[in-house]
Amino acid sequence: MSEGIRTRFINYPTPRAHDAPFQAPPPGSNPVIKGWPLSYLANLVAFVPILPSILWSNAGFGSLRKCDQLQGIEPRYDPTVIPLSQPGGEAPASYTDKKTLRTPPNTKSDARFHTIEDFHSAYASGALTPTDVVEALLPLIRRDVAQRSPYSTAFMESKVELIRQAAEASTQRWKNRQPLGILDGVPFGVKDDSEVTGYKRYIGTSHDYTQGGAKETSWCVKKVEEQGAILVGKLNMHELGMDTTNNNPIWGTPLNPYNNSYYTGGSSGGAASAVGHGLIPFAIGSDGGGSVRIPSNYCGLYGLKPSHSRVSTAPMPDAGKSVTVRGPLASSMCDLELSYRVLAQPDPSYYPSSLFSPPRELTGPRNKILGVYKSWFDRADPPVQEACQSALQYFKSELGYDIIDVSIPLLPQGQLAHAMTILAEGASGHKTSIYDLTAPNRILMSVARQTPATDFLLAQRVRNLLMEHLANLFRIHPGLVIVTPTTPNAGWPIDPAELSHGVTNGNMQIRNMEYVWLANFTGIPCIQFPVGYVDGFKGKGKVPVGLSGQGEWGSEDALIEFGYDGERWLHEGYKGGRIRPEGWVDVLKV
Numbered sequence: 027m028s029e030g031i032r033t034r035f036i037n038y039p040t041p042r043a044h045d046a047p048f049q050a051p052p053p054g055s056n057p058v059i060k061g062w063p064l065s066y067l068a069n070l071v072a073f074v075p076i077l078p079s080i081l082w083s084n085a086g087f088g089s090l091r092k093c094d095q096l097q098g099i100e101p102r103y104d105p106t107v108i109p110l111s112q113p114g115g116e117a118p119a120s121y122t123d124k125k126t127l128r129t130p131p132n133t134k135s136d137a138r139f140h141t142i143e144d145f146h147s148a149y150a151s152g153a154l155t156p157t158d159v160v161e162a163l164l165p166l167i168r169r170d171v172a173q174r175s176p177y178s179t180a181f182m183e184s185k186v187e188l189i190r191q192a193a194e195a196s197t198q199r200w201k202n203r204q205p206l207g208i209l210d211g212v213p214f215g216v217k218d219d220s221e222v223t224g225y226k227r228y229i230g231t232s233h234d235y236t237q238g239g240a241k242e243t244s245w246c247v248k249k250v251e252e253q254g255a256i257l258v259g260k261l262n263m264h265e266l267g268m269d270t271t272n273n274n275p276i277w278g279t280p281l282n283p284y285n286n287s288y289y290t291g292g293s294s295g296g297a298a299s300a301v302g303h304g305l306i307p308f309a310i311g312s313d314g315g316g317s318v319r320i321p322s323n324y325c326g327l328y329g330l331k332p333s334h335s336r337v338s339t340a341p342m343p344d345a346g347k348s349v350t351v352r353g354p355l356a357s358s359m360c361d362l363e364l365s366y367r368v369l370a371q372p373d374p375s376y377y378p379s380s381l382f383s384p385p386r387e388l389t390g391p392r393n394k395i396l397g398v399y400k401s402w403f404d405r406a407d408p409p410v411q412e413a414c415q416s417a418l419q420y421f422k423s424e425l426g427y428d429i430i431d432v433s434i435p436l437l438p439q440g441q442l443a444h445a446m447t448i449l450a451e452g453a454s455g456h457k458t459s460i461y462d463l464t465a466p467n468r469i470l471m472s473v474a475r476q477t478p479a480t481d482f483l484l485a486q487r488v489r490n491l492l493m494e495h496l497a498n499l500f501r502i503h504p505g506l507v508i509v510t511p512t513t514p515n516a517g518w519p520i521d522p523a524e525l526s527h528g529v530t531n532g533n534m535q536i537r538n539m540e541y542v543w544l545a546n547f548t549g550i551p552c553i554q555f556p557v558g559y560v561d562g563f564k565g566k567g568k569v570p571v572g573l574s575g576q577g578e579w580g581s582e583d584a585l586i587e588f589g590y591d592g593e594r595w596l597h598e599g600y601k602g603g604r605i606r607p608e609g610w611v612d613v614l615k616v
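Each residue of the sequence shown is one higher than the last, beginning at 27 in our numbering.
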């Protein structure tokens with residue numbers, strides 16, 4: 027490792043190239059099962075010991091034993107890499123001073139989403155109060171009323187008394203002309219896997235993991251609330267976060283704002299549904315295998331998966347697993363940037379969050395280098411490729427980016443290693459009876475428990491190999507952003523037969539995660555933004571397509587600049603501009 031890299035990072039991988047020809051993964055051989063047959067199979071798998079082992083082998087997890095390139099590679103269990111110094115100016119005294127907020131692009135009125143600044147301006151002018159907004163929202167989001175709105179499925183719990191108290195306190199501050207900042211009175215939501223005082227935590231299951239209500243609020247949520255933002259509820263998620271549709275037979279499946287015949291994506295699907303419908307301008311999600319970026323992609327939003335350990339997961343030690351992070355989803359880049367900077371403030375009492383520098387805007391020159399692994403990129407469906415390539419051409423011709431060829435070894439093996447890791451970590455953290463879970467997760471957790479320690483170690487060798495290779499790419503090409511489609515497919519259509527009992531479709535799940543897993547497994551940050559829309563195969567409405575950029579550890583501030591360029595493409599370069607979904611709700615006029 028060069029001395030320069032050693033002094034700029036803690037735990038930086040040894041930069042080392044690992045060459046391997048691209049090998050497309052074999053066609054999926056997992057059966058697709060739904061409805062009553064799925065429930066029957068789930069009970070059978072949970073009861074008959076040999077069946078989980080057969081399914082584990084059928085998924086190909088044992089194939090890492092044949093990977094000769096892992097010889098001599100040490101396993102790496104934690105992908106945390108901490109930058110000790112970052113280019114740019116000092117962190118601002120306040121992250122929510124209006125002076126620090128950038129202006130969103132000019133947008134035609136029928137395509138405009140409300141931003142944090144719109145809420146702020148409404149309060150500052152006296153046109154609305156936070157209490158007005160909350161009272162308009164509550165009938166739309168509450169589950170505990172006789173006539174539920176279709177939007178309420180995005181929420182799992184909303185504490186009406188707490189919400190109204192927070193709104194009244196904010197309203198009083200505005201009356202006294204003493205708002206805490208631009209977030210004061212702005213509504214937001216939190217994915218159900220985070221702790222919030224007074225709220226239960228189900229993680230999308232039927233089991234209350236808090237045993238009556240959380241006693242402490244997660245650090246990142248607390249930082250947002252300290253700025254006066256109003257938490258209006260815990261948000262729906264896929265059960266245990268163990269799939270990418272957000273099909274949830276227990277709490278309901280939230281609606282995709284662009285096309286109700288498509289899934290929102292998961293597991294932060296409730297967050298994407300609420301933001302995409304205009305109910306809230308941003309939400310806090312979590313991402314262990316694309317769970318912020320896939321819903322952001324499916325619902326036409328902006329999403330950021332930070333570097334591993336960048337955002338504190340306190341007070342939940344089990345939340346710091348080796349692939350999962352907290353991150354924001356937003357309807358605009360200015361809101362994504364602001365929410366990220368607030369929730370990513372280092373937690374002085376929680377290692378390793380305490381070692382990160384405060385987030386700040388990138389200043390000075392920025393290398394504009396985009397890396398494309400063509401063989402990998404070209405595995406996306408043709409409409410997705412076309413939308414992403416159009417954006418890349420704009421970045422090159424109009425914004426001065428260089429586009430270079432890169433390669434990454436062992437991608438199919440890496441995706442298997444990531445899947446094995448997240449499943450094993452999920453199984454180790456699951457404390458209740460497997461029979462309390464829905465049928466798909468009864469099968470998944472039964473299979474996850476079959477991973478031998480030797481195979482888990484092989485997966486961590488793959489992790490280290492990939493991190494070494496990425497470190498070498500970032501050393502050779504400073505400022506490199508590796509770009510891919512966010513998913514190779516444009517959305518995931520809903521089969522109504524899947525809604526009552528769930529579905530197990532490992533082939534589609536693996537396909538859906540073709541690109542997103544790399545950032546989780548290696549700990550690098552990744553941003554997703556919409557770059558176009560295609561016609562859906564079913565239902566009414568367009569289906570969004572997203573592009574992702576993955577940067578060096580700690581490069582969130584540079585990725586945010588890349589995200590602004592992506593927003594510029596959608597508003598200025600894309601024919602027709604940004605599209606607002608028909609299901610969007612104008613909460614400032616309700």
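Beta carbons are placed, not taken as given, at the ideal position from N, Cα and C, and that holds for glycine.
Coarse secondary structure for residue i, derived from DSSP in three states
i      : result
Val611 : coil
Pro321 : helix
Ile59  : strand
His597 : helix
Lys201 : helix
Ala193 : helix
Gly517 : coil
Phe500 : helix
Thr40  : coil
Met182 : strand
Leu449 : helix
Ile167 : helix
Ala443 : helix
Arg32  : Confidence at Arg32 is low in this model, with a pLDDT of 49, below 50, so its placement is unreliable and the value that follows should be read with caution. Helix at Arg32.
Met27  : Legend: pLDDT at Met27 = 49, less than 50; position of this residue unreliable, value from coordinates given subsequently. Met27: coil per DSSP, three-state reduction.
Thr223 : strand
Val616 : coil
Pro511 : strand
Val337 : coil
Thr530 : strand
Tyr590 : helix
Tyr177 : helix
Asn273 : coil
Residues that DSSP places opposite residue i in a beta bridge
i      : result
Asp94  : The partner list for Asp94 (beta bridge, DSSP) is empty, contrary to what the question assumes.
Arg352 : Ser312
Gly558 : Val571
Gly215 : Ala309
Lys260 : Glu183, Val216
Ala240 : Thr223
Ile553 : Leu330, Gly575
Tyr366 : Paired residues: none, contrary to the question.
Tyr288 : Pro519
Leu506 : Ile395
For residue j and residue i, believed in contact at Cβ under 8 Å, the rounded distance
i      : j      : result
Pro105 : Gly549 : 3 Å
Arg468 : Ala72  : 5 Å
Gly224 : Lys260 : Their Cβ separation, rounded to whole angstroms, is 10 Å, which puts Gly224 and Lys260 out of contact at 8 Å.
Glu582 : Tyr366 : 7 Å
Ile310 : Val258 : In fact, because the Cβ distance is near 12 Å, the residues do not count as touching under 8 Å.
Val368 : Tyr121 : 5 Å
Ala255 : Phe214 : 5 Å
Residue i beta carbon near the ligand GDP (any heavy atom closer than 7 Å)
i      : result
Ser184 : Within the structure as shown, the ligand GDP is missing, as the structure has no ligands at all.
Cβ of residue i within 8 Å of any chain D Cβ
i      : result
Lys134 : Structure shown: chain D not included; a single protein chain is present.
At least 3 beta-carbon pairs within less than 8 Å: the segment 149 to 158 vs the segment 183 to 201: yes
Alpha helix (DSSP H) segments (min. 4 residues) lying fully within the segment 373 to 432: 400 to 403, 408 to 425
In chain order, each alpha helix (DSSP H) run of at least 4 residues that lies wholly inside the segment 67 to 151: 76 to 84, 142 to 151
Validate contact between the segment 49 to 65 and the segment 526 to 534 using beta carbons, cut 8 Å, 3 pairs: yes
Touch test, the segment 395 to 411 against the segment 499 to 512, Cβ-Cβ under 8 Å, three pairs minimum: yes
Entirely enclosed alpha helix (DSSP H) segments - the segment 460 to 500, minimum 4 residues: 465 to 474
Any 3 or more C-beta pairs closer than 8 Å across the segment 237 to 250 and the segment 497 to 505: no
Touching by the beta-carbon criterion (3+ pairs, under 8 Å), the segment 217 to 230 and the segment 138 to 148: no
Contact between the segment 512 to 523 and the segment 37 to 54 (3+ Cβ pairs under 8 Å): no
Given 8 Å, three or more beta-carbon pairs between the segment 323 to 336 and the segment 290 to 299: yes
The segment 539 to 557 touching the segment 313 to 320, judged by at least three CB pairs closer than 8 Å: yes
Inter-stretch contact (C-beta, 8 Å, three-pair minimum) for the segment 374 to 390 and the segment 405 to 415: no
Segment contact flag, the segment 586 to 593 with the segment 554 to 561, C-beta cutoff 8 Å, min 3 pairs: yes
The segment 161 to 180 contacting the segment 271 to 282, beta-carbon criterion three pairs below 8 Å: yes
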